[in-house]
Amino acid sequence: MKKLILSAAALALTAGFAAADGNTVRLGTEGAYAPWNFINDAGEVDGFERELGDELCMRAELECTWVTNEWDSIIPNLVSGNYDTIIAGMSITDERDEVIDFTQAYTPPDPSAYLAMSTDVDLEGGVIAAQATTIQAGFIAEKGWTLVEYATPEETVAAVRNGEADAVLADKSFLDTHNGVDGLVMLERMEAIGGGVGMGVRESDGELRAKFDAAIQSMKDDGTLNTLIAKWEVSSQW
Amino acid sequence: MFEFCTNPETLGDFQWFACYFTTGKLFNFYGSFVTVLVLLFITAPTALAFGFLGAMSARSHVAPVSWLGKAYIAIVRGVPDIAFFMFFVIALDQGFEYLRHQALCPDWDQPIRQGNDFIVCAQAKLPLSTSDQWVHEVYGFFLAVLTFSIVFGAFAANVLFGAMRAVPHGQMETAEAYGMSHRQAFWRVLVPQMWMYAMPGLGNLWMILIKATPLLFLLGVEDIVYWARELGGSINPRFTDYPHGDWRAQFFFGLLVFYLCFTRVSEIAFDRLSRRLAHGQAIATGGAS
């Protein structure tokens, strides 16, 4: 009885938030990682993953909406069900795979690059900036170099510009958009880390994962994925 | 927005800025100011209500009620805000979903916790995954108001508890000597007089509440600090018609001005209110007896 009353109270409290039935898939992204995903002038999510996501949803015959979320809490919010997929330039790693599942990769594994104020920077002895909880941050920590972490990609580059860090390690396609601006230069050295970028889904969501897997495969097969990669210059081709 | 904005590269400074400040993403920024203000103006009275209830129960003569009130004040004041915001809200959200799950899907046979996942049936989701984005935003906002109210309610309860005790005991005794019941004396004598003592403490809380609003982004509500950081970041001409360098300092300066103006206006308002509440009170100028 008590349970019933409580449930009724909860229903009454929250009934206002319920709406009609349907099947909308919520795509979670960061919105701060051009060219992968960013907020355009109109204030909407745009970029490689926007186009890719919309195309995948069309092929999988799903209705999709876009949601932005801080990178830091992007996995916990997927797991607790605030959205249904992560499509945010997230590399497939074993650590992440323990918590969530990934679709097959939609971009091949690409090396990460360094951006610094001069090409003769000492990486071992210097301070390297990276975004928190990324493969790049993990890589520097493993090397035992001095790492400073920032919450957003933008801040990692700003740290190099204002001298807080000597270099920043990140995906090459992201650093390309900053290369040559304000005296920033890309180093010759690259690091081969990461296993390609895929979509993250909850481990219990096998059906959704299968749908997106099939859609990605069909885009790979007919070459549209390569066209899209070329258009946004996010990675090498398949 | 304006007709001359079709080709921003050719514009002079003034027109360029006129166009820039009317792009869609800047409107997201302006919208977040409204969000923060609405949050403040809903949270403040709600927190005050929580505080009043907390203070009333803390000074109750019924022991369990008094323990409840005191425990609320002690626990919420003791837990760091950020921990409260990170864990309590998720627990609250999952609590709602759990109750709805029990009521709506009695035939569900799978466990709700599967490893890291928290799974309830689709009908029990809050908000439903089919709802529009604004419903999700309103729900997040509702959780934010509730959490802020509980946290600041505990501090307000402590302030009000102290203020109620600061009203001279003789006032209550006199009221009862005139034949008022305890309840009548509380509402007619104690409550009208206690506000004067509560004002400085409540004023402080309001100031702290104003500054605590950036905690909103922990709850997924995009507040002014989030947008200032987002929009201030340097942006490459490939992705925008309005490329610019790192403007975060400028955006944050704007926020500084906003916060300073807002707290200054609040101070003036509180000063006036205090003066008004002290008006006609016997001990207004002589200090507490």
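In order, the protein sequences belong to chains A and B.
To convert a position in the first sequence, counted from 1, into this note's numbering, add 494.
To convert a position in the second sequence, counted from 1, into this note's numbering, add 244.
Glycine included, C-beta positions come from ideal geometry on N, C-alpha and C.
Task: Through-space distance from residue 625 of chain A to residue 486 of chain B, alpha-carbon basis - done: When rounded, the distance between both Cα atoms is 25 Å.
Open item on the list: Using C-beta distances below 8 Å, list every residue in its chain close to residue 424 of chain B, excluding the 5 sequence neighbours before and after it, in chain order.
Closed with: If we look at residue 424 of chain B and ignore the five residues flanking it on each side, its Cβ neighbours are 432, 433.
TODO: Please classify residue 617 of chain A: does DSSP put it in a helix, a strand, or coil?
DONE: Secondary structure of residue 617 of chain A (DSSP, three-state): coil.
Open item on the list: Can you give me the C-alpha to C-alpha distance between residue 679 of chain A and residue 707 of chain A, rounded to a whole angstrom?
Closed with: 37 Å
Task: Proximal residues, the region 574 to 585 of chain A versus chain B, C-beta separation under 9 Å - done: 574, 575, 576, 577, 578
TODO: Assess, as a yes-or-no matter, whether the region 396 to 409 of chain B is touched by the region 277 to 297 of chain B under the definition of 3 or more beta carbon pairs within less than 8 Å.
DONE: yes
Task: 9 Å Cβ cutoff, residue 532 of chain A in contact with chain E - done: Looking for chain E here will not work: the only protein chains present are A and B.
Open item on the list: Within a Cβ cutoff of 7 Å, which residues of the same chain sit near residue 541 of chain A, ignoring the five residues on either side of it in sequence?
Closed with: Apart from the 5 residues on each side of it in sequence, residue 541 of chain A sits with its Cβ closer than 7 Å to the Cβ of 528, 529, 530, 531, 532, 726 in its chain, given in chain order.
TODO: Rank A:636, A:709, A:621 by C-alpha distance to the C-alpha of residue 661 of chain A and give the top, closest one.
DONE: A:621
Task: Own chain partners of residue 473 of chain B with C-beta closer than 7 Å, once the 5 adjacent residues on each side are dropped - done: 492
Task: Pair within 9 Å by beta-carbon distance, residue 429 of chain B and residue 407 of chain B - done: Cβ atoms of residue 429 of chain B and residue 407 of chain B: not closer than 9 Å.
Task: DSSP state of residue 608 of chain A mapped onto helix, strand, coil - done: strand
Task: Top-ranked residue by Cα proximity to residue 523 of chain A, from A:561, A:557, A:553, A:550 - done: A:561
TODO: Any chance you could list the alpha helix (DSSP H) runs of at least 4 consecutive residues sitting entirely within the region 409 to 434 of chain B, in chain order?
DONE: 413 to 421, 426 to 429
TODO: Count the C-beta pairs between the region 571 to 590 of chain A and the region 342 to 362 of chain B that are closer than 8 Å, then say yes if the count reaches three, no if not.
DONE: yes
Task: Residues of the region 312 to 331 of chain B whose Cβ lies closer than 7 Å to any Cβ of chain A, in chain order - done: Flagged: no residues at all.
Open item on the list: On a Cα-Cα basis, can you pick out the residue from B:505, B:496, B:518 that is closest to residue 439 of chain B?
Closed with: B:518
Task: For residue 506 of chain B, the nearest candidate out of B:457, B:339, B:403 (CA to CA) - done: B:457
Task: Neighbouring residues, chain A, relative to residue 361 of chain B (Cβ below 7 Å) - done: Chain A residues near residue 361 of chain B: 573, 696, 697, 698.
- [ ] Would you kindly work out how many angstroms separate the C-alpha atoms of residue 521 of chain A and residue 370 of chain B, rounded to a whole number?
- [x] 16 Å
Task: Touch test, the region 380 to 394 of chain B against the region 273 to 290 of chain B, Cβ-Cβ under 8 Å, three pairs minimum - done: yes
TODO: Assign residue 647 of chain A to buried or exposed, taking buried as 16 or more other Cβ atoms, counted over all protein chains shown, within 10 Å of its Cβ.
DONE: buried
- [ ] Please confirm whether residue 452 of chain B and residue 503 of chain B have their CB atoms less than 9 Å apart.
- [x] no
Task: Cα-Cα separation, residue 489 of chain B to residue 722 of chain A - done: Taking the straight line from one Cα to the other gives about 27 Å.
TODO: Would you be able to state if there are at least three C-beta pairs under 8 Å between the region 599 to 611 of chain A and the region 677 to 691 of chain A?
DONE: yes
TODO: Look at the alpha carbon of residue 326 of chain B and the alpha carbon of residue 459 of chain B, and state the distance between them as a whole number of angstroms.
DONE: Distance between the alpha carbons of residue 326 of chain B and residue 459 of chain B is about 8 Å.
- [ ] Determine the DSSP secondary structure at residue 560 of chain A, reduced to helix, strand or coil.
- [x] strand
- [ ] Determine, using beta carbons only, whether residue 535 of chain A comes closer than 9 Å to chain B.
- [x] Chain B contact via Cβ: present.
- [ ] Report all residues from its chain with a CB closer than 7 Å to the CB of residue 333 of chain B; omit the five preceding and five following residues, and keep chain order.
- [x] For residue 333 of chain B, the CB contacts under 7 Å within the same chain, skipping 5 residues up- and downstream, are 387, 391, 463 in chain order.
- [ ] Starting from residue 571 of chain A, trace the alpha helix (DSSP H) both ways and give me its first and last residue.
- [x] Boundaries of the alpha helix (DSSP H) around residue 571 of chain A: 568 to 573.
Open item on the list: Please list, in chain order, the chain B residues whose beta carbon lies closer than 7 Å to that of residue 563 of chain A.
Closed with: Here the neighbours are 464.
Task: Distance cut-off 8 Å: residue 628 of chain A Cβ against heavy atoms of the ligand FMN - done: Ligands displayed in this structure: none; no statement on the ligand FMN is therefore possible.
Task: Cβ-based neighbour list, residue 673 of chain A, same chain, cut-off 6 Å, excluding 5 preceding and 5 following - done: 680
Task: Check whether residue 470 of chain B and residue 483 of chain B have beta carbons under 9 Å apart - done: no
Task: Three-state secondary structure assigned by DSSP to residue 526 of chain A - done: strand
Open item on the list: So residue 716 of chain A and residue 267 of chain B are supposed to be a Cβ contact under 8 Å. How far apart are they, rounded?
Closed with: Their Cβ separation, rounded to whole angstroms, is 35 Å, which puts residue 716 of chain A and residue 267 of chain B out of contact at 8 Å.
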